[in-house]
Amino acid sequence: MIVLQCINISKSFGVDPILSNIKLDIQTGERVALVGRNGAGKSTLLKIIAGQISFDSGQLMIPKGIELGYLAQNTGLESDLSIWDEMLTVFKPLQRMEKQIREMEVQMADPALLSDQAKYEKLLKEYDQLQLTFKDKGGYQYEADIRGVLAGMNFADFDYQTKISTLSGGQKTRLALAKLLLTKPDILILDEPTNHLDIATLTWLEQYLVSYKGAILIVSHDRYFLDKIVTEVVEISRTKSTKYPGNYSAYLEEKAKRYEQELKQFEKQQGEIAKLEDFIQRNIARASTTKRAQSRRKQLEKMTLLDRPSGSEKSASFSFDIKRQSGNEVIRATDLEVAYGEATIFQNLELAVDKGESVALIGPNGAGKTTLLKTLMNAIPLKKGSIKFGSNVTIGYYDQEQANLKSNKSVLHELWDDYSLEPEKEIRTVLGNFLFTGDDVLKPVSALSGGEKARLALAKLMMQKANVLILDEPTNHLDLDAKEVLENALIDYPGTLLFVSHDRYFLNRIATRMAELENGQMTNYLGDYDYYLEKKDEMYQREQLDLQEKGHVVTESIQPDKSNYIQDKEAKKLERQRLRRIEEIEARIEALELLCAEKEEALCDPDVYSDHEKAQLFQQEIDNSKLEMDNLMEEWEQLQQ
1 MIVLQCINIS
11 KSFGVDPILS
21 NIKLDIQTGE
31 RVALVGRNGA
41 GKSTLLKIIA
51 GQISFDSGQL
61 MIPKGIELGY
71 LAQNTGLESD
81 LSIWDEMLTV
91 FKPLQRMEKQ
101 IREMEVQMAD
111 PALLSDQAKY
121 EKLLKEYDQL
131 QLTFKDKGGY
141 QYEADIRGVL
151 AGMNFADFDY
161 QTKISTLSGG
171 QKTRLALAKL
181 LLTKPDILIL
191 DEPTNHLDIA
201 TLTWLEQYLV
211 SYKGAILIVS
221 HDRYFLDKIV
231 TEVVEISRTK
241 STKYPGNYSA
251 YLEEKAKRYE
261 QELKQFEKQQ
271 GEIAKLEDFI
281 QRNIARASTT
291 KRAQSRRKQL
301 EKMTLLDRPS
311 GSEKSASFSF
321 DIKRQSGNEV
331 IRATDLEVAY
341 GEATIFQNLE
351 LAVDKGESVA
361 LIGPNGAGKT
371 TLLKTLMNAI
381 PLKKGSIKFG
391 SNVTIGYYDQ
401 EQANLKSNKS
411 VLHELWDDYS
421 LEPEKEIRTV
431 LGNFLFTGDD
441 VLKPVSALSG
451 GEKARLALAK
461 LMMQKANVLI
471 LDEPTNHLDL
481 DAKEVLENAL
491 IDYPGTLLFV
501 SHDRYFLNRI
511 ATRMAELENG
521 QMTNYLGDYD
531 YYLEKKDEMY
541 QREQLDLQEK
551 GHVVTESIQP
561 DKSNYIQDKE
571 AKKLERQRLR
581 RIEEIEARIE
591 ALELLCAEKE
601 EALCDPDVYS
611 DHEKAQLFQQ
621 EIDNSKLEMD
631 NLMEEWEQLQ
641 Q
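Take the sequence shown: its position 507, counted from the start at 1, is 507 in UniProt numbering, and no numbers get skipped.
Now the structure itself:
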């Protein structure tokens, strides 16, 4: 059943078109991702569907009775109620029903009613029906649902009577998501739901959404999250929409494949056009060949001309370099203790980072990851311990808050003032590489979007040419394309990396060591994020076996998202092999088609068809090519199935 349909939706702000003829169909149970550059119009489309803003033309169709739930980006829950009471408001109809059931029970216990058999039986029938409806709507489990969702959203250790008004912005955002999940709408619309979530909470949310019975429409820059959740991707680019089946990784492969195919078709047609035009030009004036030339001209006029396929939109282009190499020992932090007032964040903490390492600090929100980075940068005082940097170490630091620059300077001078000896042309070139072109460099920094501020902060970091980069959530505010560019730059970086990130895709590509900070202690895992999950799962399984051997009851626990790791990896390998073979077949078929076309055209030449042996040889090549194409097409069809 189609629960949402957008038919040729268009929207402009002033004279600037944002969306043009957008098409979107969502069926019950489908999980669809909207992807595209920052500013492409993804959030605008979600707001149109949610009824928050109007659209200029087209149709938005939502069947009667379909309930829609929408969570805007960074929306915090504002309420004067406690956490528990606010979550209970979702279930007011059930609470009223429960109250009605209790009132009926009181009436049925009344001796006066028992004397009126007909009235008693009528009430009993109504009571049974209401109780059944109450049960079907989750009346006996809604409190357990609240506790489950709050635990998943990292509120298990909270006092549920805590007033929401006293919570932080990030906590209010998580509560807004928790409340929306409890409503269980037919269509769940989420705009960047992974903001402010740590890895454990992200894993829980993934598991919840995978089993969600309704439809999901989601915007997210978390590629790992999209790979786990979505079954279809709709790309918004240059105001248009394009649909791709599968998850985010499948979308990337299919997009590249489509572009190659469209480019080959365009180039093939251009070649055919050039040949036809050349044939017409050479033969139109000769009496013996003018009819054939006129026929080719008609063929050319009837041809539907293909447009050159649009490549990817312009991407940022940058790399991180260093002025000189550091010594082998980069950071040695010993017996660190940091406290905020009476609260100790961590103590007896050890951290060693060597030249060339790429170390990821991970752990739950509040574990002290950002605090540790700021301590290393001397922004937070040590209560105890020592920090030593190795010889020739120069540090470039990217703070989360750097993406929220509030300077009143122009973009140009924000960078140029830090590197005043560089010529203006060089500064403009650097900014151009970070997509600040033309009058963009004259914008005040305070007017930039979060993504633009992040790119400006990265431009300043690049200019430092430090041999150690300490990065705190560097992928925040970046769109998917900018994340890819940043990853490639860091992979090629010749220095040392220490960073905090909740982006698991980023962790897998960049990290060579995972340093988990939890309960004030550091645990190291020599590998990427998937390796870390594998080791955590092994440790969990060993603990369970130890408990069983000791005769203890093993309780169910949320395990790391690793249960199907090996199977997933093998399946992806086989899928890549299948796609590569399909590409090989398509390329071979295209070459054979071109060969057949050339030979068939040659057979029309009097010099060839008058030469019996040559003509027979050409015909044999055509027959062999067609036989090979038939075999390849049969294999292609099997691979597609």
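We put the beta carbon where it would ideally sit given N, CA and C, even for glycine.
Express the C-alpha separation of residue j and residue i in angstroms, rounding to a whole number.
i: Gly36; j: Glu637; result: 32 Å
i: Leu382; j: Ile345; result: 11 Å
i: Tyr248; j: Thr242; result: 14 Å
i: Asn348; j: Gly148; result: 35 Å
i: Glu487; j: Tyr398; result: 15 Å
i: Asp80; j: Leu71; result: 20 Å
i: Ser326; j: Asn392; result: 5 Å
i: Glu635; j: Ala250; result: 21 Å
i: Glu575; j: Leu252; result: 14 Å
i: Ile362; j: Asn519; result: 12 Å
i: Gly341; j: Gly76; result: 28 Å
i: Ser410; j: Leu336; result: 40 Å
i: Leu497; j: Leu226; result: 26 Å
i: Ile387; j: Ile380; result: 12 Å
i: Asp503; j: Ser407; result: 28 Å
i: Ile558; j: Asn154; result: Confidence in Ile558 is poor, its pLDDT being 42 and thus under 50, which makes the residue's placement too unreliable to answer from.
i: Trp204; j: Leu180; result: 15 Å
i: Ala40; j: Gly451; result: 13 Å
i: Ser54; j: Ser12; result: 10 Å
i: Ala333; j: Gly368; result: 15 Å
i: Gln577; j: Ala591; result: 21 Å
i: Leu478; j: Glu484; result: 10 Å
i: Leu68; j: Asp186; result: 6 Å
i: Asp561; j: Glu628; result: Unreliable placement is indicated for Asp561, whose pLDDT of 48 sits below 50; no coordinate value is reported for it.
i: Lys119; j: Leu113; result: 7 Å
i: Gln544; j: Tyr212; result: 29 Å
i: Leu517; j: Glu350; result: 11 Å
Where do the N-terminal and C-terminal ends of the beta strand (DSSP E) with residue i fall, by residue?
i: Ile331; result: Glu329 to Tyr340
i: Asp128; result: First-last for Asp128: Gln117 to Asp136, but that is the alpha helix (DSSP H), not the beta strand (DSSP E).
i: Phe499; result: Thr496 to Val500
i: Leu60; result: Ser57 to Met61
i: Asp472; result: Val468 to Asp472
i: Gly385; result: Lys384 to Phe389
Residues bridged to residue i by DSSP?
i: Ile189; result: Tyr70 and Leu217
i: Asp354; result: Glu329
i: Gln27; result: Ile2
i: Tyr244; result: Val233
i: Ala360; result: Phe499 and Met514
i: Ile345; result: Looking at the DSSP assignment, Ile345 forms no beta bridge with any residue, so it has no partner.
i: Lys11; result: Leu19
i: Gln163; result: Here the sequence assigns Lys to residue 163, which means Gln is not the residue at that position. The partner list for Lys163 (beta bridge, DSSP) reads Ser82.
i: Leu34; result: Val219 and Val234
i: Ser319; result: Ser319 is not bridged to any residue.
i: Pro444; result: Ser410
Return the first residue and the last residue of the alpha helix (DSSP H) that residue i is part of.
i: Gln400; result: Where Gln400 is concerned, there is no enclosing alpha helix (DSSP H), given that its DSSP letter is neither H nor E.
i: Phe618; result: His612 to Gln640
i: Thr523; result: Looking at the DSSP string, Thr523 is not in any alpha helix (DSSP H); the run it does join, the beta strand (DSSP E), is Gln521 to Tyr525.
i: Ser43; result: Lys42 to Ile49
i: Ser295; result: Thr290 to Lys302
i: His413; result: Val411 to Trp416
i: Leu486; result: Leu480 to Ile491
i: Gly432; result: Glu424 to Asn433
i: Val106; result: Lys92 to Met108
i: Arg455; result: Gly450 to Gln464
i: Leu376; result: Lys369 to Leu376
With a cut-off of 8 Å on the beta carbons, I'd call residue i and residue j a contact; round off their distance for me.
i: Ile146; j: Met87; result: 5 Å
i: Tyr505; j: Tyr224; result: 4 Å
i: Met514; j: Tyr529; result: 7 Å
i: Pro17; j: Thr370; result: No, Pro17 and Thr370 are not in contact; Cβ-Cβ is about 40 Å, not under 8 Å.
i: Ile331; j: Ala466; result: About 13 Å; that fails the 8 Å criterion.
i: Gln95; j: Leu130; result: Rounded, the Cβ-Cβ distance is 13 Å, inconsistent with contact.
For the segment 508 to 524 against the segment 489 to 498, are there 3 or more C-beta pairs whose distance is under 8 Å? Judged by Cβ distances under 8 Å, the segment 508 to 524 makes contact with the segment 489 to 498, as three or more pairs qualify.
Do the segment 366 to 378 and the segment 413 to 430 make contact, defined as three or more Cβ pairs closer than 8 Å? no
If you pair each beta-carbon of the segment 214 to 227 with each one of the segment 183 to 191, do three or more pairs fall below 8 Å? The segment 214 to 227 is in contact with the segment 183 to 191.
Would you call the segment 294 to 304 in contact with the segment 272 to 279, where contact means no fewer than 3 C-beta pairs closer than 8 Å? yes
Is it the case that the segment 584 to 601 contacts the segment 612 to 628, given that we only count it when at least three CB pairs across the two stretches are under 8 Å? yes
Do the segment 432 to 441 and the segment 455 to 465 make contact, defined as three or more Cβ pairs closer than 8 Å? yes
Check whether the segment 194 to 206 touches the segment 25 to 40, taking contact to mean three or more Cβ pairs, one atom from each stretch, closer than 8 Å. no
Are the segment 226 to 238 and the segment 203 to 218 touching by the rule of at least three beta carbon pairs closer than 8 Å? yes
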